[in-house]
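In order, the protein sequence lines correspond to chains A and W. For the first sequence, this note's numbering begins at -17 and goes up steadily by one. For the second sequence, this note's numbering begins at 588 and goes up steadily by one. Even glycine gets a Cβ: it sits at the ideal position worked out from N, Cα and C. Predicted model only: the values in this text are computed from it and were never measured. Here the structure comes first, spelled out in structure tokens, and everything after it is commentary.
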Amino acid sequence: MKLVLDIAWTHVVSRMRQTLVGMLGVAMGVGFSVMMASLMEGSQRDFVTQLVDSLPHITMSDERRSPPRQPAEDAYDVVAFSGLRTPVIRPGIKNPFAIMSSLEGWLDGAVAPSVQSRAVIRYAGRDTAASVTGVDPKREREVSKLATQIRGGTLDSLYKSSNAIILGDKLAAKIGARIGNTIAVVSGRGEVLSCTVVALFHSGVSQNDETQAFTLIKTAQILAGQTGLINAMRIRVANIMQAMTVANRIEAQTGYKSVSWQEANEDLLSAFEIRNFIMYTVVGAILLVASFGTYNIISTITHEKTRDIAILKSLGFTEKTVRRIFLIEALLIGVAGTLAGWALGYTLCLLLGMIEFKSPFMDATHLPLYFTPNHYLLAAGVALTASAVAGYLPARKAARMHPVEIIRGAS
Amino acid sequence: MMEPVAAKKPLIELDGVTKEIGDGVLTTLVRDIHLEVGSGEFIAITGPSGSGKSSLLYLLGLLDVPTEGDIRVQGNSVNGLDEAARAHLRLSTLGFVFQFHFLLPEFTALGNVLLPMRALGRLDDAAMEERAQALLASLGLAGHTHKKPGQLSGGQRQRVAIARALANEPHVILADEPTGNLDTASSEQVLEIFRRLVDETGRAIVMVTHDMALAERADRQVRIVDGRIV
Ligand SMILES: Nc1ncnc2c1ncn2[C@@H]1O[C@H](COP(=O)(O)OP(=O)(O)OP(=O)(O)O)[C@@H](O)[C@H]1O
Ligand SMILES: [Mg+2]
């Protein structure tokens, strides 16, 4: 084995120019695969963060998919009902905390309770409709990006005064309210609550920034006039592609309507899947092209060694030994090329990451790049496999050939 | 330098060997060859170009397998042996010298001579090195052991190739026009080396040549015409 390594090593180092060309070929394949993978996955993840992550992955509400069965239905064979009246107040989720702890038992993600209500916000004689959401800051942080979108304070500012409220920045601008101002919040039932603006938030989605306000759960419950009311749960799952399955399971377990982001945004889902498909196709194609390049270069190098293969065989080296020598040579070049390719790929990513995109309508942005060892391992795996095959196949062919044919041809 | 060969049986024996190649249209390279190579024999194979001299040598050297007939090495038939076993026999008992030197260009003279020894692995590193140095010195290459083939003259290369062929103390040396590319002085040197090996160590040499003057120097001449011994 030492001899095999030694011969392979001697070949590789004494034909430096060829080795370098081979390495370069492998390195380019690996480097560009890494770059493309990083770019594609980066843009995919960026897409997810921008669009999917700004929504709760699953929202469970106090509604049910089908109207509740009436007692009369159970008692008699009733065909139709007439004159049923929908209750005016929202029913709320029953036993919300029991449901939460049971969900937390199996859910890979987080759950946060909330109270959704509609109100009119009034300040300095100006009115605007808003949807006020009561949240638990500690839990909310785990399920949405709200905490990162607060300006002029933090989510915890809600604890600073009784009846604190956080307004969307556009909403605040519309009524002319600033942080520290006291505004009037009028509930649907006509109840008026004075609240202090403790911070603003900016999500970037205009519609939300114009119509949303956040308070503590307690405040929202007072506004709704229902103590203990929880009428929605916001749920975040670790694997967003599982949201639909998880939502179905939650709905089956609790009976409450649970809507996954996929269901809420079917168009988004198909965009997501198309982008995923594009990502895999592009990265797959690059890897394929790279592996062909690697195969070509290494098999050419091996082919050029056909005469040496005949010499070694005429000396009494076995086919197996000869094959090994060339397999190892190919792998040496492959490994060296892969290492260089990693460096190249990383550098390319850094360079791409430095490019700034400026536009008058938004902040300067950079290309979304995603760094993960997986890209490097994937590219290395493909390159090394291609190198090994490229070393093995021609060497096997040459080793099988009668050395006589080669010797006759060479002399 | 080399242990004498003590063998009673013929070292290599061809028994009715025929070699044909090609599928469909068959070409006969050699036909019905009977030939014994005993220890201490210096055999010259002569014949016109294309008569099958090289083909015969490849068969003797187990590089090729016969279509018909039996090849025996020290009395044992090699027909049933697989590729690895034949390779091992070649490594341990045969040495090749070709018209073209066929040295590995990346290795030094010493490295080339060491290759078959390392493949066989009979000696430890120090002993191998010592033996390779001695072999090269005995062929007048003492000052050239660390040169690569590209830095040696044709005659020097051929002597390195001979040293490599002798590396594992083979019983038989098979040489295909070993002096074909050499000038008279170098050819003379090679012939002297061969003569010495035969006389002093009882090795057998089978040398293909079309130079009748060289053939005269052998103990026995085998002439081939159209693939047959005449
Ligand atoms: N692969 C092959 N296909 C067809 N014919 C072949 C092949 N190899 C050798 N031959 C033929 O076999 C015959 C014997 O060839 P060989 O090389 O043994 O001749 P030789 O006596 O060594 O000739 P030279 O003195 O020119 O080296 C030649 O006629 C040659 O053309
Ligand atoms: Mg010939």
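Checklist entry - Mind pulling the chain W residues with CB within less than 7 Å of Ile293/A? => result Phe689, Leu691
Next on the checklist: Quick check: the Cα distance between Phe259/A and Gly609/W, rounded to an integer number of angstroms?
Outcome noted: 52 Å
Checklist entry - Would the beta-carbon of Ile811/W fall within 8 Å of that of Phe629/W? => result no
Checklist entry - Closer than 8 Å, CB to CB, is Arg744/W near chain A or not? => result Answer no: the Cβ-Cβ gap between Arg744/W and chain A never drops below 8 Å.
Next on the checklist: Let me make sure I understand the geometry here. Which of Ser176/A, Met17/A, Leu294/A has the alpha-carbon closest to that of Val684/W?
Outcome noted: Leu294/A
Checklist entry - Name the chain W residues that come within less than 7 Å of Leu(-15)/A, Cβ to Cβ? => result Arg705, Ala706
Checklist entry - If Pro653/W and Leu646/W are in contact, beta carbons under 8 Å, what's the gap, nearest whole angstrom? => result 6 Å
Next on the checklist: Quick check on Arg(-3)/A - is its C-beta less than 8 Å from some C-beta in chain W?
Outcome noted: yes
Item to check | Leu649/W versus Ala671/W - alpha carbon distance | outcome: Here the C-alpha atom of Leu649/W lies approximately 11 Å from the C-alpha atom of Ala671/W.
Next on the checklist: Using only CA atoms, which one of Ile212/A, Ala234/A, Gln244/A, Ala220/A lies nearest to Met226/A?
Outcome noted: Gln244/A
Next on the checklist: Counting only Cβ-Cβ distances shorter than 8 Å, please list the residues of the stretch 298 to 315 of chain A near chain W, keeping chain order.
Outcome noted: Gly298, Phe299, Thr300, Glu301, Lys302, Thr303
Next on the checklist: Counting C-beta neighbours from all protein chains within 10 Å, is the total for His733/W 16 or more, i.e. buried, or is it exposed?
Outcome noted: exposed
Checklist entry - Between Ile199/A and Gly74/A, is the Cβ-Cβ spacing less than 8 Å? => result no
Checklist entry - Can you name the residues of chain A whose CB is closer than 8 Å to the CB of Ala674/W? => result Within chain A, the residues near Ala674/W are Lys295, Gly298, Phe299, Thr300, Glu301.
Checklist entry - Would you call the CB atoms of Thr320/A and Ala365/A closer than 8 Å? => result yes
Item to check | Alpha-carbon spacing of Asp(-12)/A relative to Leu702/W, whole angstroms | outcome: 10 Å
Next on the checklist: Less than 8 Å between CB atoms is the rule here; does Ile389/A satisfy it with respect to chain W?
Outcome noted: yes
Checklist entry - Can you give the beta carbon distance from His348/A to Gly335/A, rounded, assuming they're within the 8 Å contact cut? => result 6 Å
Next on the checklist: In whole angstroms, give me the CA-to-CA distance for Leu313/A and Thr1/A.
Outcome noted: 11 Å
Next on the checklist: Here's the rule: buried if 16 or more other CB atoms are within 10 angstroms of the residue's CB, otherwise exposed. What is Tyr262/A?
Outcome noted: exposed
Checklist entry - Closer than 8 Å, CB to CB, is Phe629/W near chain A or not? => result no
Checklist entry - Is Gly634/W near ligand 1, going by C-beta to nearest heavy atom under 7 Å? => result yes
Checklist entry - What residues from chain W crowd round Pro376/A, counting only those whose CB sits closer than 8 Å? => result The premise fails here: Pro376/A is roughly 18 Å from chain W at the closest Cβ pair, so nothing lies under 8 Å.
Checklist entry - With a CB to CB cut of under 8 Å and the five nearest residues on each side skipped, what residues in its chain are close to Pro692/W? => result Lys735, Pro736, Gly737
Item to check | Neighbour flag for His384/A against chain W, beta carbons, 8 Å | outcome: Yes - at least one Cβ of chain W is within 8 Å of the one on His384/A.
Checklist entry - Is the Cβ of Thr(-8)/A closer than 8 Å to any Cβ of chain W? => result yes
Next on the checklist: Any heavy atom of ligand 2 inside 7 Å of the beta-carbon of Val795/W?
Outcome noted: yes
Checklist entry - Alpha carbon to alpha carbon, what distance is there between Asp44/A and Val187/A? => result 26 Å
Item to check | Leu678/W: contacting residues in chain A (beta-carbon distance under 8 Å) | outcome: When 8 Å is used as the limit between beta carbons, Leu678/W is near these residues of chain A: Leu297, Gly298, Phe299, in chain order.
Checklist entry - Is the CB of Asp651/W under 8 Å away from at least one CB in chain A? => result yes
Checklist entry - According to the neighbour-count rule (16 or more other Cβ atoms, all chains shown, within 10 Å of its Cβ), is Trp324/A buried or exposed? => result Classification of Trp324/A: buried, given that the 10 Å Cβ count is 16 or more.
Checklist entry - Using the C-alpha atoms, what's the distance from Arg390/A back to Gly814/W? => result 17 Å
Next on the checklist: Rounded to the nearest angstrom, what separates Thr284/A and Arg382/A at their Cα positions?
Outcome noted: 14 Å
Next on the checklist: Distance check for Thr41/A and Ala94/A, CA to CA, integer angstroms please.
Outcome noted: 10 Å
Item to check | Near-chain W residues of the stretch 277 to 290 of chain A - C-beta to any C-beta below 7 Å | outcome: Among the residues of the stretch 277 to 290 of chain A, those with a Cβ less than 7 Å away from any Cβ of chain W are Asp290, in the order of the chain.
Item to check | Pro95/A: first and last residue of the uninterrupted beta strand (DSSP E) it sits in | outcome: 91 to 105
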